[in-house]
Amino acid sequence: MVLVAPRLVQQTILIVDDDAGIRETLFYILRRDYRVLLAEDGSDAVETAEGHHVDLAFVDIFLPTLNGFDVLERLCKLAIPVIMMSVITEPEIVVQAMKAGAVHFI
C-alpha cells in the first residue's frame, strides 16, 4: 500500500493584469490547486510580492503605474519566476521579455 501525504503548504501564484476578466478567469482556474493572489496594477503587484511568499507570477505587459517589464525586473530581484502575458505577439516583445528574465511568454 502506498500512502501519499497531502501537500502541507500550497504554492502561491500572483496574477497581475489590469483586465478584471482575465484576473478572475485565471483565479477560478487556479484556485483549486493553488493559493492565488491578485493585483490590478504594477505597484500593487510589487507590494503584494514583497508582503507574501510567491512561487510564480503571471504578469501582463501593459499595466497602470508600473509596466510589466518594471514588475518583471522587481520580481526577478525577489527570485520569483515570472510568466509574461500579452495580446501582443511581436517577436521583439517576446525576446525582450525573455532576455529580461521571464521564464515563459503567453
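If you read the sequence shown in this note's numbering, its first letter stands for residue 5, the second for the next number, and so on.
Where is the CB? At the ideal position from N, CA and C, for every residue including glycine.
Rounded C-alpha distance that separates residue i from residue j
| i | j | result |
| --- | --- | --- |
| Val8 | Leu34 | Confidence is the limiting factor: at Val8 the pLDDT is only 43, short of 50, which leaves the residue's position unreliable and the question unanswerable from this model. |
| Gln14 | Gln100 | 31 angstroms |
| Lys103 | Phe109 | 11 angstroms |
| Tyr38 | Lys81 | 23 angstroms |
| Tyr32 | Ala24 | 12 angstroms |
| Val86 | Leu30 | 15 angstroms |
| Thr16 | Glu28 | 16 angstroms |
Cβ separation of residue i and residue j, assumed to be a contact under 8 angstroms, to the nearest whole Å
| i | j | result |
| --- | --- | --- |
| Leu76 | Val63 | 6 angstroms |
Of the listed residues the options, nearest to residue i (C-alpha basis)
| i | options | result |
| --- | --- | --- |
| Gly72 | Val98, Gln14 and Phe31 | Val98 |
| Met89 | Lys103, Ile65 and Gln100 | Ile65 |
| His57 | Gly105, Leu70 and Val40 | Val40 |
| Leu18 | Gly25, Leu70, Thr52 and Ala83 | Thr52 |
Pair within 9 angstroms by beta-carbon distance, residue i and residue j
| i | j | result |
| --- | --- | --- |
| Val20 | Leu67 | yes |
| Glu44 | Asp22 | yes |
| Ile84 | Asp59 | yes |
Pairing CB atoms from the segment 87-101 with CB atoms from the segment 44-55, are three or more of them under 8 angstroms? no
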